[in-house]
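Notes to accompany the following structure.
Residue numbers (the UniProt record's numbering): 1 to 520.
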């Protein structure tokens, strides 16, 4: 059972697996796999039949693609094969993507790989890469479990997880097996054709959520861009005679929805938007949690959709209240607006629930996902109800790379593990344990204002800048992040982290607290 104090007047205790439509793997936990295997012959592998894949695609995936009636399940050189063994000479190359691929390779041991020294890498980065990132002065060259290593062999305990991405840590054996096997079979075919891994992943996401269909993207930002487009298309679809359908959006203070122009327009921090003005017009920012302001603005009309994070990550680890999300749901229903939950960071087990909104019992029209879904490979997804999907037609949106067999195979592995009720329960318990440790070790420090969050999504709010503490922790072998206005230490470790590792992280944070005394 997961138990969370979400806000002062509301205590919630429900199963982390609430709202799962059907159990994954009949409730069994995935066993560890041995990686010392021979790469399979892609021409001898079994696959779902073409008809089954096409039927699943039609049932679970948003119909933006006018696919050829072909399922591609394996390939070798310039030949592709369907599940029935038919051979195709490939002169499409996944729409000019698959230039060359040598299949006869052995998976390397990440801990034995040679790497350039840290200084050399940093110098090349400074010389050749556009300077959009204020990187920490660390080069990471390998990882195992919750540990990362630089080229000189220094070890770091990872409580950043690639910004909440590496849910299974580094080098998970099941994940490695999934990606190496799929890489030896088929990596990319474009969305002009059907593929079994994409249909299988869509079926799992739909079968364990409110949604009826899925649209795949390459990132959370792209998932939100898709939701923006789908919202406007939906309003035109349901009001075909209206020459001025609803096109505006509502977002909230401290929100973060991405950095491309549409998603950026929904992101509240002005310093992200101002260098690129004018961004997409028609976005109103309201105070996160202000029920009356939201109701008034939605009921005034012309709102295509409301975008909200049930738990804000980049914004500082703030949780919505049940009353707030219920009010948004009710107001959107009354006004004909769509409700979009951005669970790019808080979804997929991060809070101890498969979806963060399950804890509130409030369900959206669309939900965007990304970060942990493929365990470190680029993927995003926009989950929608059938009502929304019915407004979307072939050609309304698309992507060359999204939903590739390679990435979807990795995501199936990750999803099967995270969706297991025992896995979710462990995340909830470890989150409670970590908050207890942090309150014991940090709570008495005058600079610590609040320790909040749930599951393994935890924020430590300070009355000074968090950067000196983050830097000191890194120098002591612990990787953590900042959030909010730069005054929140954000902990989003791999979901597999052990209690012993959490204890070690809390000890390092405690030892590094003196770094705050000179902060301002």
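C-beta atoms are modelled at their ideal positions from N, C-alpha and C, and glycine is treated no differently.
- Collapsing the DSSP output to three states places residue 154 in coil.
- Scanning the region 304 to 356 from its first residue to its last, the whole beta strand (DSSP E) runs of 3-plus residues come out as 338 to 342.
- Counted as a single uninterrupted DSSP element, the stretch harbouring residue 508 is not any beta strand (DSSP E) but the alpha helix (DSSP H) occupying residues 499 to 511.
- Out of 482, 65, 461, the CA that lies nearest to the CA of residue 214 is found in 65.
- Sequence-distant Cβ neighbours of residue 385 in its own chain, meaning closer than 6 Å and more than five residues away, are 212, 365.
- Partner residues in the beta bridge of residue 452, as assigned by DSSP, are 459.
- Classified as buried, residue 198 has 16 or more neighbouring CB atoms from the shown chains inside 10 Å of its CB.
- Secondary structure remark: continuous beta strand (DSSP E) runs of at least 3 residues inside the region 353 to 389, in chain order: 366 to 369, 380 to 384.
- Less than 7 Å separates the beta-carbon of residue 167 from that of residue 495.
- Rounded to the nearest whole angstrom, the C-alpha separation of residue 473 and residue 465 is 14 Å.
- For residue 259, there is no enclosing alpha helix (DSSP H), as DSSP marks it with neither H nor E.
- One thing to note: residue 290 has its Cβ no nearer than 7 Å to the Cβ of residue 257.
- Within the DSSP secondary-structure output, residue 144 pairs in a beta bridge with 147.
- Per DSSP, residue 272 is one residue of the alpha helix (DSSP H) stretching across 270 to 273.
- DSSP, reduced to helix, strand and coil, places residue 478 within a strand of the structure shown.
- Cβ contact annotation for residue 60 (same chain, cutoff 7 Å, sequence separation greater than five): 199, 202, 203, 206, 213, 214, in chain order.
- In this structure, the beta-carbon distance from residue 222 to residue 380 falls below 7 Å.
- Put simply, the region 241 to 256 touches the region 275 to 288. At least three CB pairs are less than 8 Å apart.
- Approximately 5 Å separates the beta-carbon atoms of residue 248 and residue 303; this is inside 8 Å, confirming the contact.
- No residue range can be given for residue 402, since it is assigned to no beta strand (DSSP E) and is classified by DSSP as neither H nor E.
- Taking the CA atoms as reference points, residue 80 sits about 44 Å from residue 272.
- Listed in chain order, the non-local C-beta contacts of residue 62 below 7 Å within the same chain comprise 213, 214, 215, 384, 389, 392, local neighbours out to five positions each way being set aside.
- If you check the CB distance, residue 350 and residue 455 come in under 7 Å.
- Contact between the region 475 to 493 and the region 422 to 429 is not established, with fewer than three Cβ pairs separated by less than 8 Å.
- Residue 429: not part of any beta strand (DSSP E); member of the alpha helix (DSSP H) spanning 421 to 442, first to last residue.
- If you ignore the 5 residues before and after residue 88, its C-beta comes within less than 6 Å of the C-beta of 80, all in its own chain and listed in chain order.
- For residue 157 against residue 147, the beta-carbon gap comes to about 6 Å, under 8 Å, which counts as contact.
- When DSSP states are grouped into helix, strand and coil, residue 85 belongs to the coil group.
- The beta carbon of residue 399 is closer than 8 Å to those of 191, 216, 217, 218, 222 in its chain, skipping five residues each way along the sequence.
- A residue is called buried once 16 or more other Cβ atoms fall within 10 Å of its Cβ, and residue 244, having fewer, is exposed.
- Between residue 439 and residue 513, the gap from beta carbon to beta carbon reaches 7 Å or more.
- Residue 338 and residue 309 have their C-alpha atoms roughly 14 Å apart.
- DSSP, read as helix, strand or coil, puts residue 485 in coil.
- Inter-segment contact for the region 317 to 329 and the region 353 to 365 is present: three or more beta-carbon pairs are separated by less than 8 Å.
- A direct Cα-Cα distance of roughly 26 Å separates residue 442 from residue 137.
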